[in-house]
Amino acid sequence: MKKYNRREFLRAMLIGSGALAVNTILSACRPKIEPDQAAIPILNTPTNAPAPSAYPTDTTKPTPFSTATTPPTSYLAVARGTDPEMMVRRALASLGGMENFVPQGASVVIKPNICVAYHSYEYAATTNPWVVGALVKLAFEAGAKSVKVMDFPFGGSGEEAYRVSGIEDQVKAAGGEMVVMKALRFQEVDLPDSGKLKFTKIFDEVINSDVLINVPIAKHHGLARLTLGMKNLMGTIYNREALHQNLGVMLTDLASFLRPQLTVVDANRILMANGPTGGNLDDVKEMNTLIASPDIVAADSYAATLFGLQPEDLAYIREGAARGLGRSDLANLKIEEINVDA
Amino acid sequence: MPKRPLSQRSSVKNTILNWVNLRRFMQILALILFTAGFIGLARGSQASQTGKILIQLSPLTMLANGLSSKEFLSFTLLGLILILAAVITGRAWCGWLCPMGTILDLFGFLHPKQKKQSQPAEQLRQIKYGILVIILIAAIFGNLTLLAIDPLTLFFRSTASVIWPALDRIISAVERVLYPVPLFSDAVLWLDDLLRPVVLPVEPFFYRSTVIVFLLFASVIGLNTVAVRFWCRYLCPFGGLLGIFSKLALFRREVSSDCSSCGLCEKSCPTGTIDPNRGYASDPSECTLCLNCLQKCPRSTIQWQVKITPPLWMPYDPNRRIVLAGFAIAAIGTAVLNSEASSRRPSPTLLRPPGTIENDFLSTCIRCGACIRACPTNALQPAALEAGVSGLYTPILIPRQGYCDYSCNACGEICPVQAIPPLALEEKRTQVIGKAYIDQNICIAWADHRDCIVCEEMCPLAEKAITLEENTVNVENQPITVRLPKVDREKCIGCGICEYKCPLPSEAAIRVQNSSPMV
């Protein structure tokens with residue numbers, strides 16, 4: 007063991023503290039996460055619309071507005087059919103095409119529901135793989151630079167869940183990338199404008215991407231009654247258990263922060279009971295429906311009706327509508343219903 | 003010009019030096035192979051068979067398992083490989099391949115400088131034969147508690163529950179420090195993708211009994227401070243078993259008459275088996291073929307030859323007394339262990355991997371820790387006293403640390419002796435590990451009158467074993483409606499995901515309890 011004299015000891019301490027200081031400074035140099043303010047809402051006001059102040063006027067990411075877009079013909083598109091890819095294409099076309107959401111060279115994150123690794127897609131616990139695959143294709147067709155698909159399962163590992171759900175195969179076939187959400191990459195985030203969720207850890211790719219596409223599958227849920235788009239965003243954060251208190255407020259807080267540009271509710275197969283994990287084919291109902299909208303609250307509202315519920319029956323929809331996150335008054339919205347097989 | 007003596011010719015020296023280098027190379031290679039085998043034990047790995055076979059190489063565990071479970075399955079034969087090797091080359095395994103031996107050599111700096119007076123007594127060598135007899139006789143009585151000190155199970159178990167998680171802590175800390183620095187971000191991500199999940203787990207793993215596993219491992223290495231390779235000389239039952247067959251070793255160390263009695267070989271022998279009183283001959287049951295003596299000898303009087311020799315019996319070799327003593331200790335020890343409370347009634351926290359039956363399990367599990375490594379959710383952990391002293395280091399499931407993944411059957415697939423039966427996923431899903439119950443005194447819904455339902459949400463069964471019942475209570479004259487969780491004990495399989503995910507900070511409000519009837 008080398009014997010230190012005082013000078014050597016002081017030198018060692020100085021170098022050590024210097025290194026720590028440099029590291030702290032360098033770490034602080036990363037950009038702080040704050041919701042940025044960009045102005046323009048994506049779509050036209052529908053007929054009979056109330057004053058624009060009721061609309062979401064900020065988005066976390068700059069609104070992609072390409073001069074080459076076709077004007078959207080609806081605020082919310084509902085496609086019915088048996089070919090998931092065609093349903094996605096037709097619904098997106100009604101919303102003005104994927105170019106309306108994905109600018110050239112954008113980095114896209116698609117967030118399906120891959121919450122468990124227990125069952126294949128027929129059990130309606132995870133999003134239909136062909137819906138996800140179609141979205142990947144459309145994103146690339148619109149000029150995306152990268153398309154990454156991810157979820158943070160609560161039952162089973164990411165790798166296993168991606169494989170068992172069938173989503174990995176479709177995403178890879180479409181040229182996308184599956185990303186396992188590892189602990190290292192969850193960033194601490196302050197949400198100062200929140201009702202309840204003031205602080206959480208969100209996966210950095212979700213925060214940093216240009217476009218976030220939310221692709222839930224419509225399922226029964228014990229607490230939320232239904233798990234749809236707003237609940238699906240829980241898969242982006244690390245410590246989910248705490249959100250189960252005051253779920254309505256928490257989900258609105260989270261959705262207001264993340265503001266996915268597009269929400270596509272997969273209702274090809276829906277889980278009527280024993281959600282969100284499923285496991286019984288008797289609980290699965292084939293609805294052959296797909297709902298798409300830039301408004302997460304509106305998409306969830308329409309999806310609720312598929313289960314025989316009214317939007318107001320769900321606490322998070324009430325909260326989201328009340329705080330201006332989106333619209334739940336379906337009667338006033340421009341909804342286009344597309345029959346794909348016809 | 004006088005010819006240089008044979009021993010000093012560079013060609014001869016080079017050859018001898020090459021053998022020693024080859025041995026050191028083989029030691030490192032074998033340690034890497036064992037570590038790679040360990041890494042391969044992870045669920046879903048392509049290399050899981052490698053790890054399994056490496057564990058099945060131990061003749062001691064295979065023989066003990068066979069005697070105890072009264073079943074000799076095909077893999078038991080792998081143990082014969084090293085027995086045969088011992089008959090040919092003596093204890094070369096100890097000096098060339100054993101991962102514990104290599105680790106002990108790497109910690110060789112701990113040992114005192116060789117002094118004749120401070121060497122422990124030769125008779126101590128008999129202890130390892132005593133331990134061997136105890137293990138085998140206890141195995142016949144169905145008790146495998148002492149298999150915890152087999153060097154291979156010691157290696158795999160200690161790596162799984164001590165070395166790997168500690169390594170993960172260090173690597174994770176480095177990653178966390180460097181990742182926020184933009185300069186290093188990409189490099190850290192690249193390293194992280196390389197390591198996880200193949201080498202290290204994606205989520206950090208924690209082991210409740212990590213310290214007591216560490217203490218055993220450190221003690222074995224710490225014995226180096228008393229003498230070089232203390233463990234191998236005096237205690238290792240694996241070495242003892244190989245030692246018995248090494249008495250017939252074909253490949254032997256011989257000292258020719260040129261010997262000048264310089265004593266250099268004796269000083270360099272790590273097992274201390276070179277005896278000046280017998281012309282610097284060695285005991286083949288103790289010699290690990292390290293070849294140090296070959297390298298040190300100035301005259302090349304030492305050679306290895308192939309010859310058939312009658313076995314050499316030393317005073318410390320197994321004799322009738324040690325066998326009888328071992329028998330007595332095994333009998334008494336087994337009787338004492340069977341008097342533990344755990345033999346009457348299982349502890350409520352005794353949860354076993356799915357598919358195991360407790361009475362059979364203690365007599366088949368070889369305490370290797372492969373299942374602990376394979377478990378992807380950190381649910382399986384080495385037991386402390388949950389199953390009594392006789393269950394030390396056997397795998398138990400601790401739901402608050404990790405849940406049994408509904409999509410996984412890795413433990414059964416990896417168990418080298420099928421103590422955990424290899425079940426297809428569908429069948430594994432029907433195995434009952436325990437039953438969940440709700441502590442209504444602390445449950446958020448029951449005690450605090452607020453909705454939570456995490457346990458119901460997480461229950462993986464197609465027909466959930468937890469149901470929610472709406473109930474209205476009057477709290478301070480206000481009616482509050484809460485969804486109360488209730489467990490259907492008929493359906494519950496005790497996977498523990500409910501207990502794991504319960505949002506309470508320390509003890510969960512829903513817990514899985516041992517429910518197996520004592521047969």
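Protein sequences appear in the order of chains Z and F. Here the numbering used here is used: the first residue of the first sequence is 7, the next is one more, and so on. Here the numbering used here is used: the first residue of the second sequence is 3, the next is one more, and so on. Think of the CB as a built atom: it goes at the ideal place given N, C-alpha and C, for glycine as much as any other residue. Since the model is a prediction, treat every value here as computed from it, not as a measurement.
If only complete runs of 4 or more residues are kept, the stretch 44-118 of chain F shows the alpha helix (DSSP H) at 50-58, 61-71, 80-91, 94-98 and 101-108, in order along the chain. At least one C-beta of chain Z is nearer than 8 Å to the C-beta of arginine 452 of chain F.
Residues of the stretch 435-468 of chain F with a C-beta less than 9 Å from any C-beta of chain Z: Ile446, Arg452, Asp453, Cys454, Ile455, Val456, Glu458, Glu459, Met460, Cys461, Pro462, Leu463, Ala464, Glu465, Lys466 and Ile468, listed in chain order.
Residue contact with chain Z for glutamate 177 of chain F: present (Cβ-Cβ distance below 8 Å to some residue of chain Z). For glycine 161 of chain Z, the secondary structure class from DSSP, reduced to helix, strand or coil, is strand.
A contact is defined here as three or more CB-CB pairs under 8 Å, and the stretch 336-352 of chain F meets this definition with respect to the stretch 381-391 of chain F.
Valine 215 of chain F is outside the set of residues whose beta carbon lies under 8 Å from a beta carbon in chain Z. Taken atom to atom, the span from the alpha-carbon of phenylalanine 232 of chain F to that of histidine 113 of chain F is near 9 Å. The alpha-carbon separation between threonine 295 of chain Z and glycine 42 of chain F amounts to approximately 44 Å. Along the stretch 203-234 of chain F, the positions whose C-beta sits under 8 Å from a C-beta of chain Z are Val204, Glu205 and Pro206, read in chain order. Counting only residues of its own chain and dropping the five nearest sequence neighbours on each side, proline 278 of chain F has a CB closer than 8 Å to the CB of Ser263, Gly265 and Glu268. At a Cβ-Cβ threshold of 8 Å, serine 299 of chain Z and threonine 258 of chain Z do not count as neighbours.
Rounded to whole angstroms, asparagine 106 of chain Z and alanine 145 of chain Z show a C-alpha spacing of 10 Å.
Straight-line spacing of the CA atoms in proline 286 of chain F and arginine 513 of chain F works out to 56 Å. Our two residues, glycine 224 of chain F and cysteine 96 of chain F, have alpha carbons roughly 18 Å apart in a direct line. With a cutoff of 8 Å on beta-carbon distance, leucine 364 of chain F and leucine 33 of chain F are scored as not near each other. Identification of residues in the stretch 398-410 of chain F having a C-beta nearer than 9 Å to some C-beta of chain Z yields Tyr405, Asp407, Tyr408, Ser409 and Cys410, given in sequence order. Neighbours of proline 505 of chain F in chain Z, taken as residues whose beta carbon is under 7 Å from its own, are Glu247, Ala248 and His250 in chain order. At least one beta carbon of chain F lies nearer than 8 Å to the beta carbon of proline 282 of chain Z. Within chain Z, no C-beta atom comes nearer than 9 Å to that of leucine 326 of chain F; the closest sits roughly 50 Å away. For glutamate 342 of chain Z, the uninterrupted beta strand (DSSP E) run begins and ends at 341-345, by DSSP. Nearest CB-CB separation between leucine 101 of chain Z and chain F: not below the 8 Å threshold.
When Cβ pairs closer than 8 Å are counted between the two stretches, the stretch 409-419 of chain F is seen to touch the stretch 369-376 of chain F, the count reaching three or more.
Residues of the stretch 186-203 of chain F with a C-beta less than 8 Å from any C-beta of chain Z: Val190, Leu191, Asp194, Arg198 and Pro199, listed in chain order.
For the C-beta of isoleucine 499 of chain F, the chain Z residues within less than 7 Å are, from N- to C-terminus, Gly161. For glutamine 515 of chain F, the enclosing beta strand (DSSP E) has its first and last residue at 512-515. Interface annotation, glutamate 166 of chain Z: in contact with chain F, CB-CB separation under 8 Å. Taking the CA atoms as reference points, arginine 45 of chain F sits about 34 Å from alanine 273 of chain Z. Note that the C-beta distance between alanine 304 of chain Z and arginine 265 of chain Z is not below 8 Å. The beta carbons of glutamate 471 of chain F and threonine 483 of chain F sit no closer together than 8 Å. Residue pairing by DSSP places leucine 232 of chain Z opposite Z/His226 in a beta bridge. Comparing C-alpha distances from proline 203 of chain F to each of F/Ala381, F/Leu463, F/Met28 and F/Pro348 shows the shortest one belongs to F/Ala381. The shortest CA-to-CA distance from tyrosine 244 of chain Z to any of F/Pro239, F/Glu205 and F/Ala66 is the one to F/Glu205.
Residue environment: valine 212 of chain Z is assigned as buried (16 or more neighbouring CB atoms within 10 Å of its CB, all protein chains considered). The beta carbon of leucine 43 of chain F does not come within 8 Å of any beta carbon belonging to chain Z, so the residue lies off that interface. Against tyrosine 124 of chain Z, the close residues of chain F are Tyr408, Ser409 and Pro462, in the order they occur along the chain (beta-carbon pairs closer than 8 Å).
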